[in-house]
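S.K.: Residues 0 to 167 (numbering that gives the first Met the number 0) are what the sequence shown spells out, left to right. Where a beta carbon is used, it is the ideal one built from N, C-alpha and C, also for glycine.
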Amino acid sequence: MSLTIPKPLIPILTKPMTPPWVLALVLATQLTINYVGSGSNPSCTLNVQRPHHSTYLVEHKNADAIKVNVKSKCTVPQISTTISAEIYELRGNQSIKVFSVKNQTAFADKRDPTESIFQNFSFVCQTGRTGLYLGSASGSVLLTNGKTIQVSGNSGNYHPEICENTAK
């Protein structure tokens with residue numbers, strides 16, 4: 000949210016004799032305009048990252064797995080995001096669902112209440128095998144004003160990923 004002071008007011012506000020309440024009134028008016036303007040048309044997006052080999056699961060659970068992270072981002076604060084997510088593998092010319100989860104909820108991030116993050120979507124893969132994977136998700140975001148916004152997204156094209164730990 001940017002703060003803009005109309006140019007004709009700048010010379011008045013920068014004079015040493017300008018009462019502080021005038022400056023406070025101008026700032027409060029601008030903040031109100033920005034808040035009301037952004038609150039009237041909230042929007043949300045769902046960012047489905049590229050499926051990748053999970054180094055976390057290798058290091059902490061000794062399991063080779065392909066995982067996908069999903070993040071919802073809104074223009075206003077949210078309470079939570081609820082989604083269903085899938086990971087598909089391209090085999091020949093067929094798209095095969097290799098992972099699916101329904102109605103998973105993540106609450107808004109405490110540091111940035113406009114975001115919710117999912118980092119637990121994965122499936123165990125065969126070590127050394129390369130596959131072409133795509134992540135997909137859809138669901139809804141519950142905003143703090145009580146409105147619900149539908150969201151969906153995918154990771155784009157199928158991406159090759161080898162099922163082995165390449166972290167150093």
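#1: Please report the distance separating the alpha-carbon of residue 163 from that of residue 52.
#2: Using only alpha-carbon positions, find the residue among 63, 47, 81 that is nearest to residue 54.
#3: Identify whether residue 157 lies in helix, strand or coil by the three-state DSSP scheme.
#4: In this structure, how does DSSP classify residue 66 when only helix, strand and coil are distinguished?
#5: Taking the straight line between their C-alpha atoms, what separation do you get for residue 145 and residue 107?
#6: I think residue 88 touches residue 131, with their Cβ atoms under 8 Å apart; what is that distance to the nearest whole Å?
#7: Fully enclosed by the stretch 80-111, which alpha helix (DSSP H) runs are 4 residues long or longer?
#8: Per DSSP, which residues does residue 44 bridge with? Please list them.
#9: Quick check: what's the CA-CA separation for residue 142 versus residue 66?
#10: So for residue 143, helix, strand or coil by DSSP?
#11: For residue 58, which of helix, strand or coil comes out of DSSP?
#12: State buried or exposed for residue 85, treating a residue as buried only when at least 16 other CB atoms are found within 10 Å of its CB.
#13: Use the C-beta contact count for residue 152: other C-beta atoms within 10 angstroms, 16 or more gives buried, fewer gives exposed.
#14: What are the start and end residues of the beta strand (DSSP E) that includes residue 121?
M.R.: Per the coordinate set shown:
#1: Their backbone Cα atoms lie some 7 Å apart in a straight line.
#2: For the set 63, 47, 81, the Cα lying nearest the Cα of residue 54 is the one of 63.
#3: It is coil, neither helix nor strand.
#4: In this structure, DSSP gives residue 66 an extended state, which the three-state scheme calls strand.
#5: Each residue's Cα considered, the two are about 14 Å apart.
#6: So it is a contact: roughly 6 Å between Cβ atoms.
#7: Counting only runs of 4 or more residues that sit fully inside the stretch 80-111, no alpha helix (DSSP H) segment turns up.
#8: For residue 44, which the question treats as bridged, DSSP gives the partners 72.
#9: When rounded, the distance between both Cα atoms is 27 Å.
#10: DSSP places residue 143 outside both helix and strand once states are collapsed to three, so it counts as coil.
#11: Looking at residue 58 - three-state DSSP - the assignment turns out to be helix.
#12: With 16 or more other Cβ atoms within 10 Å, it is buried.
#13: Here residue 152 is buried. Its C-beta has 16 or more other C-beta atoms within 10 Å.
#14: Secondary structure note for residue 121: its beta strand (DSSP E) is the uninterrupted segment 114-123.
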